[in-house]
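Numbering (our numbering), first residue to last: 88 to 219.
Note that the Cβ used here is the ideal one computed from N, Cα and C, for glycine as well.
Since the structure comes first, as structure tokens, the remarks are kept for the end.
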């Protein structure tokens, strides 16, 4: 196992299938996450797990700065507006983690990034959207 995936991860079946189809674009860390994650039907996904298209409130553990991030697919990515691609190190770090978790990821320069998930403000599955 590579050192890029930290902690337990849970994905919806739909997210798992859609992310698996991003062949050619998948960073090794995402491929590893797909291999290691627990997969649940969308209707069984706990509301405190970060899924695709979830909006989360996160906090930098060193500065205590808070921000809202929406985890999205690459085509919807707008980092300056808070829409973070699942193919980015931050996106891979957040995908499938639970509220309260310190999400960690490896940066391309070899350093480690981290943020604490304070709340899942919106999750499609918790809102009854099982197809987004």
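- Counting other Cβ atoms within 10 Å of its Cβ, residue 214 stays below 16 and is therefore classed as exposed.
- Taking all protein chains in view, the Cβ of residue 165 is surrounded by fewer than 16 other Cβ atoms within 10 Å, so the residue is classified as exposed.
- With respect to residue 141, residue 217 sits apart: the two C-beta atoms are not nearer than 8 Å.
- Taking residue 144 as the centre and dropping the five residues before and after it, the same chain places the C-beta of 153, 155, 205, 206 and 208 closer than 7 Å to its C-beta, in chain order.
- Bounds of any beta strand (DSSP E) do not take in residue 182, whose DSSP letter is neither H nor E.
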